Structures are given as structure tokens and as C-alpha cells.
Amino acid sequence: MNISSVVITLKADANKSELGKLISELAQIMASGDDKIVALIQSDDTNGQIRIFRALENIPGVSDVAMIYNYEELDEDIKKAKNNDIVKIINQLENTPDDQIKYSGEPRI
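Residue numbering for the sequence shown follows full-length UniProt numbering, starting at 1 and increasing by one per position.
This is the structure in C-alpha cells:
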């Protein structure tokens with residue numbers, strides 16, 4: 001479980017009532033003021049957390065989203081890391097000449 005608190009800054013001409021409804025579909029609104037909303041994001045993993053964060057950023061009328069606090073339960077990630085062949089992969093990379101390593105992926109953010 002990932003938990004984050006974010007401060008969402010609204011544009012000056014934003015419809016605050018409508019934005020509150022849209023934001024509450026993605027996150028739990030904890031407090032709001034003139035042009036700011038404090039919300040809580042909960043997700044099962046980091047990718048879900050980032051998807052929600054990006055969705056909040058893309059709501060029309062939102063000027064900025066800033067993550068203030070983040071908590072991650074890493075037990076699943078640690079378990080996955082222990083169950084893969086990372087040592088084998090690292091050794092293979094270390095013993096492969098640089099000119100033979102080709103990158104063909106996309107960074108996941």
C-alpha cells in the first residue's frame with residue numbers, strides 16, 4: 001500500500017466546486033483553502049500512485065500538484081527482488097563489453 005499527501009494548486013479562474021468533485025474521484029480531499037486542496041492518494045503500488053498523481057496534474061483547472069509526503073510498503077518489491085535472477089543479470093552485464101549492450105526499453109515513471 002502506497003500513501004501520499006499532495007497539495008493541489010488551482011488556477012485562479014478554476015471552478016473550485018467542479019474541481020473538488022473531479023479530484024475526489026481520484027484522491028481523498030483532506031482540506032481546502034482559497035486556491036489549494038490537500039488530498040490523500042492511496043494505491044496498491046508505485047505505478048498506481050504515479051498514475052493518480054499524473055491524472056490529478058492533467059485535470060483542467062489544476063495549476064500544480066506537489067507531493068508532500070510519501071509512504072511505501074516495500075515488502076512485495078523486496079520479495080520480487082529476492083525471487084529473481086538479479087545476481088546472474090548483474091554478472092552478465094559486468095562481463096559484457098559496453099559496445100555489445102543495447103538499450104531498447106522505456107523508463108517507467
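Yeah, the Cβ is synthetic: ideal placement off N, Cα and C, and Gly gets one too.
Note that the coordinates shown come from a computational prediction; the quantities given were computed from them, not determined experimentally.
Given 8 Å, three or more beta-carbon pairs between the segment 84-101 and the segment 19-35: The segment 84-101 vs the segment 19-35: no contact.
Cβ-based burial, residue 39 [other Cβ within 10 Å; buried from 16]: It is buried - the Cβ of residue 39 has at least 16 other Cβ atoms within 10 Å.
Euclidean distance between Cα positions of residue 12 and residue 105: Cα-Cα distance, rounded: 40 Å.
Given residue 57 as reference, the closest of 103, 81, 15, 8 once Cα atoms are compared: 8
N- and C-terminal bounds of the alpha helix (DSSP H) containing residue 93: First-last of the alpha helix (DSSP H) with residue 93: 86-94.
First and last residue of the uninterrupted beta strand (DSSP E) at residue 24: Premise fails: residue 24 lies in the alpha helix (DSSP H), 16-24, not in any beta strand (DSSP E).
Boundaries of the alpha helix (DSSP H) in which residue 49 is found, first to last residue: 46-57
Sequence-distant residues of its chain with Cβ nearer than 6 Å to residue 64 (five each side left out): Counting only Cβ-Cβ distances below 6 Å, and skipping sequence neighbours, we find 9.
Nonlocal neighbours in the same chain, by C-beta distance under 6 Å from residue 72, ignoring five residues either side: Excluding positions up to five away in sequence, the list reads 2.
Simplified DSSP state of residue 72, which is helix, strand or coil: strand
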